[in-house]
Amino acid sequence: MLKRRDEQATIQIDPTFAYYTGRSPHSVAAELAAAGYSAVRYFVTDETRVQTALVHALREHGLDVWAMVLGNGAYSSSHLPPDWRSWQMELLKPVNDGYIRLSPFHPAYTAWKKTALARLAREHPFTGIEVAECYFPEWNGLYTGVYGDIGPQAQAAFRAWGGGSLPEFRRSGSAHYYKKDLERYARWIECRVDAVNRFVNELFNGAGGVREARGDIRIATWSVAVDAGSRAALDVRELQGMDAVTMIRLVRPDAHVLQTHWPDWMRARLPADYARRYEAFAAPIREAFPSLALGIQTDIGSLRRMRRSSAWLDRFAAESHKLGYRFWTAYEYSIGRWMYEEPPMPVQAIRLAADRLRIQFSKRIDADSARDAVYAVVTGAPAPRSGEAFGGEAEPPAGRSVLGRRIGKPSTAKRTLTPLGLDVDGQLLELRAAGLPEGPFELELSGIRDTPGSWLLKGMAANKLPAGCRIPVDGCPDWS
17 MLKRRDEQAT IQIDPTFAYY TGRSPHSVAA ELAAAGYSAV RYFVTDETRV QTALVHALRE
77 HGLDVWAMVL GNGAYSSSHL PPDWRSWQME LLKPVNDGYI RLSPFHPAYT AWKKTALARL
137 AREHPFTGIE VAECYFPEWN GLYTGVYGDI GPQAQAAFRA WGGGSLPEFR RSGSAHYYKK
197 DLERYARWIE CRVDAVNRFV NELFNGAGGV REARGDIRIA TWSVAVDAGS RAALDVRELQ
257 GMDAVTMIRL VRPDAHVLQT HWPDWMRARL PADYARRYEA FAAPIREAFP SLALGIQTDI
317 GSLRRMRRSS AWLDRFAAES HKLGYRFWTA YEYSIGRWMY EEPPMPVQAI RLAADRLRIQ
377 FSKRIDADSA RDAVYAVVTG APAPRSGEAF GGEAEPPAGR SVLGRRIGKP STAKRTLTPL
437 GLDVDGQLLE LRAAGLPEGP FELELSGIRD TPGSWLLKGM AANKLPAGCR IPVDGCPDWS
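For the sequence shown, the numbering used here assigns the number 17 to the initial residue and increments by one for each residue that follows.
Here you go:
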């Protein structure tokens, strides 16, 4: 039995991660569909390099596919035009952290990004496009120096806004110091909010933008939320130029996503119900746009210390539902704690021919271990009772939990199989063997491992399929 599809459950993937390489698009799509997700949010880090075959495969498996791009920069300049350096933000303090911060104040950057997204919409079968992280840097940036943009384009925009010269952020003795010249600083805050909103609106609704390129495509806007006291929403607006309500009013998206901000997702002991403390961000959106699909995003494993378990994600999903979110998503499918701690379990076995089976596992499996594994046919075993396929639970849990199979049930006859052929594609194992029963039987498997070499965090031990794990196989259909 595959996991029941949850219309609220969506997942982010970065296809450049090793977990998705060296396997077919079909296997990736089948794994995500079997996990019960209704949609995939494909993280496009380079608009010129999209795996169209993967998008097609995901769609063929019944999944909606959103292209998620970053609005305020890029991790590489390889796909940017020669003059990209002039688009960079100027910060109070130079930062060399591997991320290229690009300014929404710059008209050339806006034009280039709009063209890139319109091309994504035209050339690939995405069901939606969304722009995340359009904000200015950074939370607490006025104290850390990671604050901007204060470069030439920002200065010109503020003058055009009617603000004159920028507030002074370095010299506290200046008459224009932002803590002294409060009127100037207030105008600057509004100018930054306006810049973010206009940037996002131009990408989607401007001439030659996404909606003009493909009228049927859905769009989503993103903003950040953080658990930082009663002023958190005002602080995000002040420090990062994010005002979700005014953005939504201008852009008119089909959905909006509240992204968990880094001060929260980096917490090792973040409670699974932390979204309760985001109501200062969510409530104004619901009040202003009651019919808008509002979702929430979390991070499940970007750092070793804060990897989230399947149980944590189940609780997060349940809490999101109770709070009224229409969907949730998580970054990123392959980096949650379950990947490092739970064994690969068979979730489905299909007959391809009288002598061929395809077994699908809950996660990617190691090909060498599959070749060395022990396979046995079990006949005469009692059929699984209701709930046994999920380890005694009548239904699979919500969110992303690994599916189990019955282990070690009594049988009347068991014989070992000698495979004549074996092929592994991601989590899919095709097995050819002589003497498979024509009627239904159970296949017992032992010794199959997962793939630590494909994980984000290295140096972790492999997980092995429990001994005596079985999965039911239907009898032969009429092949004629």
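Backbone N, C-alpha and C fix where the C-beta goes; we use that ideal spot for every residue, glycine too.
The model shown is predicted, which means the values in this text are computed figures rather than measured ones.
Per DSSP, the bridge partner or partners of G463
Looking up residue 463 in the sequence shown gives position 447. For G463, which the question treats as bridged, DSSP gives no partner whatsoever.
So what does W82 bridge to, in DSSP terms?
Here residue 82 is taken as the residue at index 66 of the sequence shown, counted from 1. DSSP output for W82 lists R57, G144 as bridge partner(s).
Using the beta-carbon count (16 or more within 10 Å), is K130 buried or exposed?
If you number the sequence shown from 1, residue 130 lands on position 114. Label assigned to K130: buried.
Kindly indicate which three-state DSSP category V394 falls into: helix, strand or coil?
If you number the sequence shown from 1, residue 394 lands on position 378. Three-state DSSP puts V394 in a strand.
Tell me the residue span of the alpha helix (DSSP H) that contains T131.
Position 115 of the sequence shown, counted from the start, is the residue given in the question as residue 131. T131 -> alpha helix (DSSP H) spans 123-139.
Rounded Cβ spacing between Q376 and Q443 (contact assumed at less than 8 angstroms):
Stepping through the sequence shown from its first residue, residue 376 is reached at position 360. Stepping through the sequence shown from its first residue, residue 443 is reached at position 427. That pair is a contact at about 6 angstroms.
Nearest candidate by alpha-carbon position, reference V85, set A124, F142, A50
Position 69 of the sequence shown, counting from 1, holds the residue named residue 85. When only C-alpha atoms are compared, the closest one is F142.
Three-state secondary structure (DSSP) at R305?
Start at 1 with the first residue of the sequence shown, and residue 305 comes out as number 289. Per the sequence shown, residue 305 should be read as Phe rather than Arg. In the structure shown, F305 sits in coil (DSSP, three-state: anything other than H, G, I, E or B).
Find the nearest neighbour of I381 within the set E23, Q28, P153, E47, judged by alpha-carbon distance.
On the sequence shown, residue 381 is found 365 positions in, with the first residue counted as 1. Among E23, Q28, P153, E47, the Cα nearest to that of I381 is on E47.
Same chain, Cβ closer than 8 angstroms to W177, five either side skipped, listed in chain order:
Walking along the sequence shown from the start, residue 177 turns up at place 161. Cβ neighbours of W177 beyond the five flanking positions: R203, E206, C207, D210.
Here's the rule I'm using: 16 or more other beta-carbon atoms within 10 Å means buried, otherwise exposed. How should P412 be labelled?
Walking along the sequence shown from the start, residue 412 turns up at place 396. Below a pLDDT of 50, predicted positions are generally treated as unreliable, and P412, at 41, falls in that range; no measurement from the model is reported.
Starting from the Cα of P362, find the closest Cα among P493, T262, R465, R186 and give me that residue.
Counting from one through the sequence shown, the residue named residue 362 turns up at place 346. Selected option, being the one with the closest Cα: R465.
Measure from the alpha carbon of L459 to the alpha carbon of each residue in V390, H140, G257, then state which is nearest.
On the sequence shown, residue 459 is found 443 positions in, with the first residue counted as 1. Of the listed residues, the one whose Cα sits closest to L459 is V390.
D315 (DSSP reduced to helix, strand or coil):
Taking the sequence shown and counting its residues from 1, one reaches residue 315 at position 299. Strand, per DSSP.
Of the residues A69, W82, T68, the one placed nearest V56, counting alpha carbons only:
In the sequence shown, counting from the first residue as 1, residue 56 sits at position 40. Closest by alpha carbon: W82.
Just to confirm my understanding: we take R293, look at its own chain, exclude 5 residues before and 5 after, and list those with CB closer than 7 angstroms. What are they?
Along the sequence shown, one-based indexing puts residue 293 at 277. D243.
Enumerated in chain order, which unbroken segments of the alpha helix (DSSP H) with a length of 4 residues or greater are wholly contained in the stretch 231-294?
248-256, 260-267, 278-281
Mark G420 as exposed unless 16 or more other C-beta atoms lie within 10 angstroms of its C-beta, in which case mark it buried.
Reading the sequence shown from its first residue, position 404 is the one you call residue 420. Confidence in G420 is poor, its pLDDT being 42 and thus under 50, which makes the residue's placement unreliable; the coordinate value appears in the next sentence. With 16 or more Cβ atoms within 10 Å of its Cβ, G420 is classed as buried.
Please name the residue in R234, S326, L310, V393 whose C-alpha comes closest to that of G317.
In the sequence shown, residue 317 corresponds to position 301, counting from 1. Residue S326 is the option with its Cα nearest to G317.
Where T276 and P300 are concerned, what is the direct C-alpha to C-alpha distance, given to the nearest angstrom?
As a working note, residue 276 is residue 260 in the sequence shown. As a working note, residue 300 is residue 284 in the sequence shown. Straight-line Cα distance between these residues: approximately 17 angstroms.
By a C-beta neighbour count over all protein chains shown, 10 Å radius and 16 as the cutoff for buried, is T37 buried or exposed?
If you number the sequence shown from 1, residue 37 lands on position 21. Under this definition T37 is an exposed residue.
Using C-beta distances below 7 angstroms, list every residue in its chain close to E218, excluding the 5 sequence neighbours before and after it, in chain order.
Position 202 of the sequence shown, counted from the first residue, corresponds to residue 218. The answer, listed in chain order, is T126, K130, G225.
Mind checking G415: buried by the 16 CB within 10 Å criterion, or exposed?
What you label residue 415 is simply residue 399 of the sequence shown in a count that begins at 1. Note that G415 scores 39 on pLDDT, short of 50, meaning its location in the model is unreliable; the coordinates nonetheless yield the value given after this. G415 is buried by the Cβ-count criterion.
If A333 and I27 are in contact, beta carbons under 8 angstroms, what's the gap, nearest whole angstrom?
In the sequence shown, counting from the first residue as 1, residue 333 sits at position 317. In the sequence shown, counting from the first residue as 1, residue 27 sits at position 11. That pair is no contact at about 11 angstroms.
Decide if the stretch 188-198 is in contact with the stretch 161-172; the criterion is three or more beta carbon pairs, one per stretch, under 8 angstroms apart.
no
Within 7 angstroms, strictly: CB atoms of A148 and W238
Translated into the one-based positions of the sequence shown, residue 148 becomes position 132. Translated into the one-based positions of the sequence shown, residue 238 becomes position 222. Result yes, Cβ atoms of A148 and W238 sit closer than 7 angstroms.
Residues bridged to T432 [DSSP beta-bridge criterion]:
The residue given as residue 432 occupies position 416 in the sequence shown. T432 is bridged to A392.
On the criterion of 16 or more Cβ atoms from any shown chain inside 10 Å, does Y35 qualify as buried, or is it exposed?
Translated into positions along the sequence shown, residue 35 becomes position 19. Buried, because 16 or more other Cβ atoms sit within 10 Å of the Cβ of Y35.
Name, in chain order, the residues that DSSP records as bridge partners for G437.
Residue 437 sits at position 421 when you count from the first residue of the sequence shown. Per DSSP, R448.
Best match in T395, R342, P359 for proximity to S378 [C-alpha to C-alpha]:
Sequence index remark: in the sequence shown, residue 378 carries index 362 (1-based). The residue with the shortest Cα to Cα distance from S378 is P359.
Start and end residues, alpha helix (DSSP H) containing F377:
Translated into positions along the sequence shown, residue 377 becomes position 361. Here F377 belongs to no alpha helix (DSSP H); instead the beta strand (DSSP E) covers 372-377.
By DSSP's criteria, E458 is part of a beta bridge. Which residues make up the other side?
Start at 1 with the first residue of the sequence shown, and residue 458 comes out as number 442. V394, P488.
What number of angstroms, rounded off, separates the C-alpha of R422 from the C-alpha of L133?
As a position in the sequence shown, residue 422 is number 406, starting the count at 1. As a position in the sequence shown, residue 133 is number 117, starting the count at 1. Note on R422: pLDDT 49, under 50, position unreliable in the model; the coordinate value appears next. Cα-Cα distance, rounded: 47 angstroms.
Can you tell me which of G469, R75, S94 puts its alpha carbon nearest to the alpha carbon of R65?
Within the sequence shown, the letter at position 49 stands for residue 65. Answer by Cα proximity: S94.
Measuring CA to CA, which of V393, W344, T434, N221 is closest to Q24?
For the purposes of this step, residue 24 is identified with residue 8 of the sequence shown, where counting begins at 1. Checking every option, the nearest Cα to that of Q24 belongs to W344.
Residue of H337, G463, N112, D232 minimising C-alpha distance to Y91:
In the sequence shown, counting from the first residue as 1, residue 91 sits at position 75. Taking only the C-alpha atoms, the option nearest Y91 is N112.
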